[in-house]
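Its first residue numbered 9, the sequence shown is counted upward by one per residue in our numbering. All C-beta atoms, glycine included, are put in the ideal place defined by N, C-alpha and C. As the structure is a prediction and not an experimental result, all values here were calculated from the model. Notes to accompany the following structure.
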Amino acid sequence: MKRTCGIGGQAVLEGIMMKNKEKYAVAVRKPDKEIELMVDEYKGFSDGKKILSLPFIRGIFNFVDSMILGIKTLMYSSQFYEEEEEKESEKKSESRTEDIIMGFTVILSVIFSVALFIVLPYFLSEFLKNSMHISSNTVLSIVEGIVRIAIFVLYIVLISMMKDIKRTYMYHGAEHKCINCIEDGKELNVENVRSSSRLHRRCGTSFLFLVMFISIAAFILVSALLPQGAGKLVKVVVRLLLVPVIAGVSYEVLRLAGKNDSLIVRIISAPGMALQKLTTKEPDDSMIEVAIQAVEAVFDWKEYRKEIGIELENQEI
């Protein structure tokens, strides 16, 4: 079994968010080059609800929680780079406004993602069906999946050309390097983090690729079960209803990949790991310093090293 420390995170604007259980920290490199650190707690949808923590169900709500916390921390980091500073008297009213904006942003993000990666590939595949005279539903579903993956990769390539996104990808690399450094049992310092890998199996990029890949199998099955006369609207609705199921299955596969190092798992993880070469870049030392501060605010890596040492000793006996 592969060692996993259980912490995760994401890159934000000029910074990094790290989360360990309910506790999370956001470290941001401000314009004056100082590091601002904020530590808080986030209790997700499944908190205290056993049914929402069950396998294949928990992945759906963990994905929603990740989106909410991700947007919340992005909004926090962006405030350090706004042209006008907030007035103290406006903070309370603006806090409520920010909650509304965040909720609206989450909804828009979901709609945009579904339209771009679910609905658009379906209609493009229908166009190809007519132009290429594809009669097999199985072949058509495979074509739809290939189109979906192509759109996803193209989207990543295009946004990676933006200057701000390039720096965000560097912070993304710093996040992965810190986690890999810890899970390799090394002391958490700039030198060790710098030499660690910027790719990690539990990355959100790998999760999204798994969603794309598993959707191919799911939609092949649905195409076989749907009646021949099913209209386009019915097919689109069925695909939308399957999204939570696909997300739940993808989450469990990702968890398995994070804990297992078998050949099969390595093969399954390979495409997602390859995509991470686009969504992560090598960070500079100042970015690594930000990542380390975020980690140390929520995770005792020294204690983790002791636990690993005890575990290894027990295995040797």
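- Pairwise C-beta distances place the region 28-44 out of contact with the region 194-204, as fewer than three of them are shorter than 8 Å.
- Classified as exposed, F131 has fewer than 16 neighbouring CB atoms from the shown chains inside 10 Å of its CB.
- At a Cβ-Cβ threshold of 9 Å, F88 and V72 do not count as neighbours.
- According to the DSSP assignment, A123 belongs to no alpha helix (DSSP H), since it is labelled neither H nor E.
- G16 and K137 have their C-alpha atoms spaced approximately 41 Å apart.
- Excluding its 5 nearest sequence neighbours in each direction, H180 has C-beta neighbours in its own chain below 7 Å: A19, T287, T288, listed in chain order.
- Contact between the region 251-259 and the region 152-161 is absent: fewer than three C-beta pairs spanning the two stretches fall below 8 Å.
- For D293, DSSP assigns no beta-bridge partner whatsoever.
- Residue pairing of I43 in beta bridges, as defined by DSSP: R37.
- The DSSP-derived three-state label of D192 is coil.
- Annotated three-state conformation of Q18 is strand, per DSSP.
- With respect to the 9 Å criterion, A278 and R210 are not classified as neighbours on the basis of their beta carbons.
- Per the coordinates, the alpha-carbon of D192 lies some 29 Å from the alpha-carbon of L62.
- D48 is bridged by DSSP to Y32.
- Taking a contact to require three or more Cβ pairs closer than 8 Å, the region 294-314 and the region 27-34 qualify as touching.
- In the three-state DSSP reduction, K57 falls in the coil class, being neither helix nor strand.
- Exposed is the label assigned to A238, since fewer than 16 other Cβ atoms lie within 10 Å of its Cβ.
- Burial of M295 is indicated by the presence of at least 16 other C-beta atoms within 10 angstroms of its C-beta.
- Of the other Cβ atoms in all chains shown, 16 or more fall within 10 Å of the Cβ of L21; this residue is therefore buried.
- If you ignore the 5 residues before and after R11, its C-beta comes within less than 7 Å of the C-beta of E191, I316, all in its own chain and listed in chain order.
- Boundaries for D308: no alpha helix (DSSP H) harbours it, and the DSSP string shows neither H nor E there.
- A distance of 9 Å or more separates the beta carbons of I272 and A226.
- At a Cβ-Cβ threshold of 9 Å, A33 and A282 do not count as neighbours.
- DSSP places I24 in the strand class (E or B) of the three-state scheme.
- Approximately 6 Å separates the beta-carbon atoms of V244 and V127; this is inside 8 Å, confirming the contact.
- Annotated three-state conformation of S139 is helix, per DSSP.
- In its chain, beyond the 5 residues on either side, V201, A299, V303 have a beta carbon closer than 6 Å to the beta carbon of C186.
- Under a 10 Å Cβ-count criterion, E311 is classified as exposed, with fewer than 16 other Cβ atoms of the shown protein chains found around its own Cβ.
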